[in-house]
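Take a look at the structure set out below.
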Amino acid sequence: NAGVTQTPKFQVLKTGQSMTLQCAQDMNHEYMSWYRQDPGMGLRLIHYSVGAGITDQGEVPNGYNVSRSTTEDFPLRLLSAAPSQTSVYFCASSSTFSGGAGNEQFFGPGTRLTVL
Amino acid sequence: GENVEQHPSTLSVQEGDSAVIKCTYSDSASNYFPWYKQELGKGPQLIIDIRSNVGEKKDQRIAVTLNKTAKHFSLHITETQPEDSAVYFCAAFRWGAQKLVFGQGTRLTINP
Chain A
14 NAGVTQTPKF
24 QVLKTGQSMT
34 LQCAQDMNHE
44 YMSWYRQDPG
54 MGLRLIHYSV
64 GAGITDQGEV
74 PNGYNVSRST
84 TEDFPLRLLS
94 AAPSQTSVYF
104 CASSSTFSGG
114 AGNEQFFGPG
124 TRLTVL
Chain B
275 GENVEQHPST
285 LSVQEGDSAV
295 IKCTYSDSAS
305 NYFPWYKQEL
315 GKGPQLIIDI
325 RSNVGEKKDQ
335 RIAVTLNKTA
345 KHFSLHITET
355 QPEDSAVYFC
365 AAFRWGAQKL
375 VFGQGTRLTI
385 NP
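What follows is the structure, given as structure tokens:
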């Protein structure tokens, strides 16, 4: 299994440009999520999905869109990039998220995004 | 909503000594508390977790303790080794919330 994969690894955008960060998992996990990591602020949840066709907002959803058309893929779209969106983005998945077994979240290697 | 505070932000210890990282949470309904380790250039990886019905859990050199009354939990690493150098994150979860809330992270450096 490849686990959780993310592309690209690095990206530089200009203010106002749009792009999609790709995330895929091959573990048949129902739960997927996107986080951003900024210095001194830990990991903050952007959006999450509990299954195909179901998405919801996390702590910092503004400026980002997601969709979940398949179990495997969970792309994150930046609609109009801003310098405040410069960050490292992580995608994660878990088989469930109920507080019981299967809670472990598996993280991808991250995408480092710079917005000029 | 839930808020998780983590201290210290940086920690430097001599190889072989112990390291302790502490977290406090605000939502008394939180019932699951994982710890993640992030090595340079990689995504975080779960190293240990504890549920609210347990006070302590150990796995070889790492242990986690939970004090529900005080709403804090701690990660203990004994006999530290150079490969323990990483950023560590605590997190809290409440059944039904479907969201993990992470602390700010602790950069642990093990000095040889």
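Protein chains in written order, with our numbering: chain A, 14 to 129; chain B, 275 to 386.
Virtual Cβ for every residue (Gly too), placed ideally from N, Cα, C.
Counting C-beta neighbours from all protein chains within 10 Å, is the total for residue i 16 or more, i.e. buried, or is it exposed?
| i | result |
| --- | --- |
| Ser304/B | buried |
| Arg81/A | buried |
| Thr83/A | exposed |
| Asn116/A | buried |
| Lys332/B | exposed |
| Thr28/A | exposed |
| Gln355/B | exposed |
| Val73/A | buried |
| Gly377/B | buried |
| Ser62/A | buried |
| Leu26/A | buried |
| Pro386/B | exposed |
Can you list, in chain order, the residues of its chain with a C-beta nearer than 6 Å to that of residue i? Leave out the 5 residues immediately preceding and following it.
| i | result |
| --- | --- |
| Thr33/A | Pro88 and Arg90 |
| Asp39/A | Asn14 and Ala15 |
| Phe120/A | Phe103 and Ala105 |
| Val101/A | Gln50, Gly123 and Arg125 |
| Asn341/B | none |
| Tyr306/B | Arg325 and Phe367 |
| Thr127/A | Val25 and Thr99 |
| Val328/B | none |
Could you give the C-beta distance for residue i and residue j, rounded to a whole number, given that I count them as a contact under 8 Å?
| i | j | result |
| --- | --- | --- |
| Tyr310/B | Ile321/B | 7 Å |
| Val278/B | Ala360/B | So it is not a contact: roughly 18 Å between Cβ atoms. |
| Cys36/A | Asp69/A | So it is not a contact: roughly 16 Å between Cβ atoms. |
| Leu349/B | Ile295/B | 5 Å |
| Thr343/B | Glu330/B | About 15 Å; that fails the 8 Å criterion. |
Using a Cβ-Cβ cutoff of less than 7 Å, which residues in the same chain neighbour residue i once the five nearest sequence positions on both sides are dropped?
| i | result |
| --- | --- |
| Glu353/B | Gly290 and Arg335 |
| Ile351/B | Ser292, Ala293, Arg335, Ile336 and Asp358 |
| Asn78/A | Arg90 and Leu92 |
| Ser302/B | Lys345 |
Spatial neighbours of residue i within its chain, please: CB distance less than 8 Å, with the 5 preceding and 5 following residues excluded, ordered by chain position.
| i | result |
| --- | --- |
| Gln312/B | Pro318, Gln319, Ala360, Val361, Tyr362, Phe363 and Gly379 |
| Leu314/B | Ala360 |
Task: Touching by the beta-carbon criterion (3+ pairs, under 8 Å), the segment 285-293 of chain B and the segment 92-102 of chain A - done: Touching, no.
- [ ] Give a yes or no on contact between the segment 15-24 of chain A and the segment 48-65 of chain A, applying the rule of three or more CB pairs nearer than 8 Å.
- [x] No, they do not touch.
Task: Uninterrupted beta strand (DSSP E) stretches inside the segment 287-373 of chain B (no shorter than 3 residues) - done: 293-299, 306-312, 319-325, 330-333, 336-341, 346-351 and 360-367
TODO: Ignoring anything shorter than 3 residues or poking outside the segment 44-69 of chain A, list the beta strand (DSSP E) runs there in chain order.
DONE: 44-50 and 56-64
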